[in-house]
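S.K.: With the first letter of the sequence shown counted as 1, position 87 gets the number 87 in UniProt numbering; the numbers rise by one all the way through.
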Amino acid sequence: MTRLSNRDGHGIDEHDTIDAQAASWFARNRNEVGTQDRKAFAAWHAVPAHARAYAEFEQLWADLGELQQLNKPVPLPTRKPAPWRPALAVAAALVCALLASNLGAPRGLYHTEVAAQDKGMRTLALPDGSTLYVNASTRLRVDFDAHRRVIHLDHGQLYVEVAPDKERPLFVRAGEADVRVVGTAFDVRRGQRQLVVSVAHGTVAFAPDQKASAIMLGAQQRATYSYAKGSMQQQTLAAGEVADWRSGHLSFRNRELASLLDELSLYRPKAVVLADGPVAHLKVSGNLDVNDPDALLNALPALLPVKTVPLADGRIRIEARK
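This is the structure in structure tokens:
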């Protein structure tokens with residue numbers, strides 16, 4: 001599995017995390033698995049460290065012996081087993097519990113935490129066959145269990161190609177907002193000013209908070225929720241416009257300056273501050289190189305009646321030009 005941070009939310013180091021993954025795959029492979037699971041396991045197992053952890057887990061299971069009755073304790077064999085890590089023992093106990101219970105479909109536990117840097121995109125292959133793309137300056141947590149798939153977006157932007165699973169929908173939770181899907185591809189950006197959901201294909205249900213009714217978004221549709229106003233705007237997108245940040249360049253037309261700067265701030269170590277007043281509603285068209293966001297900031301005074309003011313802490317303030 002591709003790891004995007006050194007530690008997960010419980011402080012488990014990389015070896016412990018791989019052991020837990022090995023346990024999950026072992027439990028899953030003892031049942032019938034579908035084509036997507038087989039492909040996902042093959043991709044995971046192709047990593048040498050993963051293959052070693054899986055082999056060690058198979059050996060540990062062999063040491064425990066074949067279970068005759070899953071609900072009956074099984075004594076350890078008397079021969080001295082090969083050395084193994086404590087985390088592997090915990091993973092073994094987890095698999096025993098999974099196999100002894102009637103969970104139905106072969107689905108394992110999975111958790112990881114992502115803390116992306118201020119530059120560069122990351123890609124994560126999830127164990128259900130989904131693919132997660134993580135934008136710069138993004139923090140999120142992935143929690144899968146036998147009944148649900150949840151991605152908690154704390155800040156930033158993601159695009160996910162969701163593997164269909166009608167019995168286990170996938171949710172993206174961004175604060176109080178919920179995005180629910182079964183099988184689709186969509187983009188979510190959680191900034192300081194806005195929460196934006198864009199759909200490439202399929203259908204998603206988007207509720208900006210727990211009190212609001214969900215709206216349905218289809219292919220090439222976008223919904224933008226303003227935190228300050230508590231309002232929602234919808235628009236239709238051009239082909240290829242969803243998650244175009246993955247290419248390294250953004251194209252925008254008649255974009256409100258407040259919305260553009262909310263997104264541009266992902267690509268700078270320090271945020272861009274926007275002065276109060278009508279300047280926030282000025283509209284601009286152009287292109288943004290995500291690897292050089294300051295080039296657009298430097299060009300803004302030629303495009304709009306604004307000026308850029310560098311601040312001592314590294315931030316940039318955009319003000320109306322008098």
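Every residue, glycine too, gets a C-beta built ideally from N, C-alpha and C.
All values derive from a computational prediction rather than experimental measurement.
In the DSSP assignment, find the unbroken beta strand (DSSP E) run with Asp143 in it and report its ends.
M.R.: Within the sequence shown, the letter at position 143 stands for residue 143. 139–144 is the extent of the beta strand (DSSP E) around Asp143.
S.K.: Straight-line CA distance for Leu124 to Lys322?
M.R.: If you number the sequence shown from 1, residue 124 lands on position 124. If you number the sequence shown from 1, residue 322 lands on position 322. One C-alpha to the other measures close to 47 Å.
S.K.: When the Cα of Val284 is compared with those of Ala219, Leu109, Pro305, which residue comes out closest?
M.R.: Residue numbering aside, residue 284 sits at position 284 when the sequence shown is read from its first letter. The residue with the shortest Cα to Cα distance from Val284 is Pro305.
S.K.: Taking the Cβ atom as the reference point for each residue, do His152 and Arg173 lie within a distance shorter than 8 Å?
M.R.: Along the sequence shown, one-based indexing puts residue 152 at 152. Along the sequence shown, one-based indexing puts residue 173 at 173. In contact: His152 and Arg173 (Cβ atoms closer than 8 Å).
S.K.: Going by CA-CA distance only, name the one from Ala212, Ala185, Gln210, Ala320 that's closest to Ala200.
M.R.: Locating residue 200 in the sequence shown gives position 200, where the first residue counts as 1. Checking every option, the nearest Cα to that of Ala200 belongs to Ala185.
S.K.: On the premise that Val114 lies in contact with residue 345, defined as a C-beta separation below 8 Å, what is that separation, rounded to the nearest angstrom?
M.R.: There is simply no residue 345 to check, as the chain begins at 1 and stops at 322 in what is shown.
S.K.: Among the candidates Asn29, Asp294, Ala205, Pro127, whose CA atom is the shortest distance from the CA of Ala177?
M.R.: Along the sequence shown, read from residue 1 onward, the residue named residue 177 stands at position 177. Per the Cα distances, Ala205.
S.K.: What residue range does the alpha helix (DSSP H) around Asn298 cover?
M.R.: Looking up residue 298 in the sequence shown gives position 298. From DSSP, the alpha helix (DSSP H) with Asn298 extends over 293–303.
S.K.: Would you please verify whether the beta carbon of Tyr54 is less than 8 Å from any beta carbon of chain D?
M.R.: Although the question refers to chain D, the structure presented lacks it and comprises just one protein chain.
S.K.: When burial is assigned at 16 or more other CB atoms within 10 Å of the CB, is Glu263 buried or exposed?
M.R.: Along the sequence shown, one-based indexing puts residue 263 at 263. Glu263 should be labelled buried.
S.K.: Give me the DSSP bridge partner(s) of Gly286.
M.R.: The sequence position of residue 286 within the sequence shown is 286, counting from 1. Answer by DSSP bridge pairing, in chain order: Phe252.
S.K.: Quick check on the DSSP output: the alpha helix (DSSP H) that includes Ser259 runs from which residue to which?
M.R.: Here the question's residue 259 lines up with position 259 in the sequence shown. Note, Ser259: alpha helix (DSSP H), 257–264.
S.K.: Where do the ends of the alpha helix (DSSP H) carrying Ala40 lie?
M.R.: As a first step, residue 40 must be located in the sequence shown, where it is residue number 40. 35–45 is the extent of the alpha helix (DSSP H) around Ala40.
S.K.: Return the CA-CA distance between Lys270 and Asp313, expressed in angstroms with no decimal places.
M.R.: Residue mapping note: residue 270 aligns to position 270 of the sequence shown, counting from 1. Residue mapping note: residue 313 aligns to position 313 of the sequence shown, counting from 1. Each residue's alpha carbon lies about 8 Å from the other.
S.K.: Can you list, in chain order, the stretches of the alpha helix (DSSP H) that have 4 or more residues and sit fully within the region 200–231?
M.R.: Runs of the alpha helix (DSSP H) inside the region 200–231: none found.
S.K.: Going by DSSP in three states, Gln234 sits in which element: helix, strand or coil?
M.R.: Position 234 of the sequence shown, counted from the start, is the residue given in the question as residue 234. Gln234 falls in the strand class under three-state DSSP.
S.K.: Tell me which residue opens and which closes the beta strand (DSSP E) that Trp307 is part of.
M.R.: Locating residue 307 in the sequence shown gives position 307, where the first residue counts as 1. The question names Trp, but residue 307 is Lys in the sequence shown. Where Lys307 is concerned, the enclosing beta strand (DSSP E) stretches over 306–310.
S.K.: By the DSSP assignment, the beta strand (DSSP E) with Thr184 in it spans what residues?
M.R.: The residue given as residue 184 occupies position 184 in the sequence shown. Segment: none, Thr184 is in no beta strand (DSSP E) and carries neither H nor E.
S.K.: Are the CB atoms of Val197 and Val188 within a distance shorter than 8 Å?
M.R.: Position 188 of the sequence shown, counting from 1, holds the residue named residue 188. Position 197 of the sequence shown, counting from 1, holds the residue named residue 197. For Val188 and Val197, yes; Cβs fall inside 8 Å.
S.K.: Measuring alpha carbon to alpha carbon, tell me which of Arg38, Arg222, Ile318, Pro301 ends up nearest Val309.
M.R.: Taking the first residue of the sequence shown as 1, we reach residue 309 at position 309. Cα-wise, what sits closest to Val309 is Ile318.
S.K.: Please go through the same chain and pick out, in chain order, the residues whose beta-carbon is closer than 8 Å to the beta-carbon of Leu274, but skip the five residues on each side of it.
M.R.: For the purposes of this step, residue 274 is identified with residue 274 of the sequence shown, where counting begins at 1. Excluding positions up to five away in sequence, the list reads Leu257, Ala258, Leu261, Ala280, Arg317, Ile318.
S.K.: Using CA coordinates, which residue listed in Gly230, His45, Leu282, Arg38 is at the minimum distance from Lys211?
M.R.: As a position in the sequence shown, residue 211 is number 211, starting the count at 1. Ranking the options by Cα distance to Lys211, first place goes to Gly230.
S.K.: Rounded to whole angstroms, what's the CA-CA distance from Ile18 to Phe144? Just pull it up for me.
M.R.: By 1-based counting over the sequence shown, the position of residue 18 is 18. By 1-based counting over the sequence shown, the position of residue 144 is 144. Going from the Cα of Ile18 to the Cα of Phe144 covers about 16 Å.
S.K.: Mark Asn291 as exposed unless 16 or more other C-beta atoms lie within 10 angstroms of its C-beta, in which case mark it buried.
M.R.: As a working note, residue 291 is residue 291 in the sequence shown. That one is exposed.
S.K.: So what does His111 bridge to, in DSSP terms?
M.R.: On the sequence shown, residue 111 is found 111 positions in, with the first residue counted as 1. In the DSSP output, where bridge partners are listed per residue, His111 has Asp143.
S.K.: Just checking my contact of Arg149 with Phe171 at CB under 8 Å: how many whole Å lie between their CB atoms?
M.R.: Stepping through the sequence shown from its first residue, residue 149 is reached at position 149. Stepping through the sequence shown from its first residue, residue 171 is reached at position 171. Rounded, the Cβ-Cβ distance is 7 Å, consistent with contact.
S.K.: What does a CB cutoff of less than 7 Å around His45 pick up in its chain, not counting 5 residues either side in sequence?
M.R.: Looking up residue 45 in the sequence shown gives position 45. Excluding positions up to five away in sequence, the list reads Ala51, Tyr54.
S.K.: Quick check: the Cα distance between Tyr267 and Met121, rounded to an integer number of angstroms?
M.R.: Position 267 of the sequence shown, counting from 1, holds the residue named residue 267. Position 121 of the sequence shown, counting from 1, holds the residue named residue 121. When rounded, the distance between both Cα atoms is 11 Å.
S.K.: Hey, quick one: how far does the beta strand (DSSP E) through Asp154 stretch, first residue to last?
M.R.: Mapped onto the sequence shown, residue 154 falls at position 154. Where Asp154 is concerned, the enclosing beta strand (DSSP E) stretches over 149–161.
S.K.: Would you please state the rounded distance, in angstroms, between the beta carbons of residue 326 and Ala40? I believe it to be under 8 Å.
M.R.: Because the chain spans 1 through 322 in this model, residue 326 falls outside it and cannot be assessed.
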